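Single-structure report; data block below.
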Amino acid sequence: MSNVLGWDARRYFLLGMRVFFGLWLLYAGLFKWISMGPRAFVGMITEMFDPTWSPHGLNVVLAWVILVSEPLLALFILSGVKARLAWTLTALLMFMLVCGQSILMKPDVVANWQYLVLVMACAALSDPVPSARASG
């Protein structure tokens, strides 16, 4: 590995985001499994969303999507393999969380929008060959 401090801004930013966001998402995902447990997490999500227009079955499925996708996407991001795909799938998860916070009418939705913008920027910057389009 070459001198990281000598990398161009794009490469340096993506490495930082891969490490920091990947570790944070891994922590968030594992916390739900270890500290809360799947049953408690799914119960919490369904309890929050069942009073809304969202059907109970969908609430259960989406709770499991969160439980499974957070640690898996974190590992995918941390691996650095197929970075654009990893960031794009994470953006879809972040958009799902934005929609959930919007359904609940929670002001926390602002933070989820910030994460969504961040991961979309990482996906956009993760073009495997950024100069290929410039010459073609």
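Under the numbering used here, think of the first position of the sequence shown as 63, with each following residue one higher.
Built from N, CA and C at the ideal position, the CB exists for glycine as well.
On a predicted model such as this, the values are computed, not experimentally measured, just so you know.
In three-state DSSP terms, what is residue i?
i, result
"T152", "helix"
"V127", "helix"
"E116", "At residue 116 the sequence reads Ser, which differs from the Glu that was named. In this structure, S116 counts as coil in the three-state DSSP scheme."
"M167", "coil"
"V66", "helix"
"V181", "helix"
"P100", "helix"
Going by the beta-carbon positions, is the gap between residue i and residue j smaller than 8 Å?
i, j, result
"W149", "S188", "yes"
"I139", "L87", "yes"
"T114", "I165", "yes"
Do you know how far the Cα of residue j is from the Cα of residue i?
i, j, result
"P117", "R72", "42 Å"
"Y89", "M79", "15 Å"
"Q176", "G84", "16 Å"
"V130", "G91", "8 Å"
"D70", "A136", "24 Å"
"P133", "F111", "23 Å"
"V171", "Q163", "5 Å"
"C161", "V66", "37 Å"
"K144", "K168", "34 Å"
Using the rule of at least 16 other Cβ atoms within 10 Å of the residue's Cβ for burial, across every protein chain shown, is residue i buried or exposed?
i, result
"A125", "buried"
"N121", "buried"
"K94", "buried"
"V104", "buried"
"L214", "As displayed, the chain neither begins before 63 nor continues past 198, which places residue 214 out of reach and without an answer."
"V181", "buried"
Quick one: does residue i have its CB under 8 Å from some CB of chain C?
i, result
"V127", "The chain inventory of the structure shown lacks chain C, comprising one protein chain alone."
Assuming residue i and residue j form a contact by the criterion Cβ under 8 Å, report the distance between their Cβ atoms to the nearest whole angstrom.
i, j, result
"A153", "A102", "Actually they are not in contact, since the Cβ atoms of A153 and A102 sit about 27 Å apart, beyond 8 Å."
"N174", "L159", "5 Å"
"P190", "R146", "7 Å"
Sorry if obvious, but does the Cβ on residue i come closer than 7 Å to a heavy atom of the ligand SAM?
i, result
"A90", "This structure does not include the ligand SAM; it has no bound ligands of any sort."
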